[in-house]
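Numbering (full-length UniProt numbering), first residue to last: 1 to 185.
Comments concern the structure below.
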């Protein structure tokens with residue numbers, strides 16, 4: 001009888017799972033292994049294919065939601081829904097880069113803030129052609145969510161220039177400091 005109780009106790013203990021608390025994506029709550037989930041669908045208006053075209057130039061962005069992505073930092077362990085994006089950029093009819101076929105583990109943009117701020121997201125941009133070249137993308141919904149503005153800028157901090165030098169960001173493999181209006185497909 002003692003062995004039966006011991007075996008049942010061991011089975012019960014091993015079958016118990018610690019549940020992560022689930023909170024809305026914009027919650028300020030924190031506990032170990034918390035899951036910030038897009039319960040209210042705040043990511044939904046951003047998900048999809050977005051296109052800008054001007055003659056032979058175009059940008060196509062596909063944004064998808066990844067659910068329950070695990071993050072571990074110095075002082076935290078958490079799960080979070082994230083938006084990621086992949087981009088195809090064509091200039092003068094020539095494809096400069098295309099990450100649309102990449103797996104979800106290999107993406108070009110990823111949201112930095114947990115939830116939209118003033119109708120938009122700030123994404124980290126990882127240039128697919130220039131290793132270690134990153135920037136910020138501001139992606140803001142306009143016109144009732146049927147369009148969005150996309151603006152890439154450098155994130156490499158303050159620079160000092162000598163007289164006669166051009167105060168520009170080092171190049172990306174696509175235009176920066178230009179606002180593109182994308183249309184949701």
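Note that CB positions come from ideal geometry on N, CA and C, so glycine has one too.
All values reported here derive from a predicted model rather than from experimental measurement.
Ranked by Cα distance from residue 24, the options 116, 5, 86 are led by 116. For residue 70, the enclosing beta strand (DSSP E) begins and ends at 57-72.
In the three-state scheme derived from DSSP, where H, G and I count as helix and E and B as strand, residue 2 is classed as helix. Between residue 182 and residue 150, the gap from beta carbon to beta carbon is short of 8 Å. Cβ contact annotation for residue 178 (same chain, cutoff 8 Å, sequence separation greater than five): 151, 152, in chain order. Rounded to the nearest whole angstrom, the CA to CA distance from residue 102 to residue 125 is 15 Å. The beta carbon of residue 37 sits closer than 6 Å to those of 22, 81, all from its chain and outside the five residues before and after it, given in chain order.
Classified as buried, residue 59 has 16 or more neighbouring CB atoms from the shown chains inside 10 Å of its CB. Taking a C-beta distance under 8 Å as the contact criterion, residue 173 and residue 96 qualify as a contact pair.
Residue 154 and residue 176 do touch by the CB rule: their CB atoms are close to 6 Å apart, below 8 Å.
Put simply, the backbone Cα of residue 44 is about 31 Å away from that of residue 74. By the criterion of a C-beta distance shorter than 6 Å, residue 184 is surrounded in its chain by 48, 50, 146, once the five residues flanking it on both sides are discounted. CA-CA distance, residue 54 to residue 33, rounds to 46 Å. The Cβ atoms of residue 30 and residue 79 do not sit closer than 8 Å to each other.
The beta-carbon separation of residue 109 and residue 137, rounded to 6 Å, stays under the 8 Å limit for a contact. Residue environment for residue 171: exposed (fewer than 16 other C-beta atoms within 10 angstroms of its C-beta).
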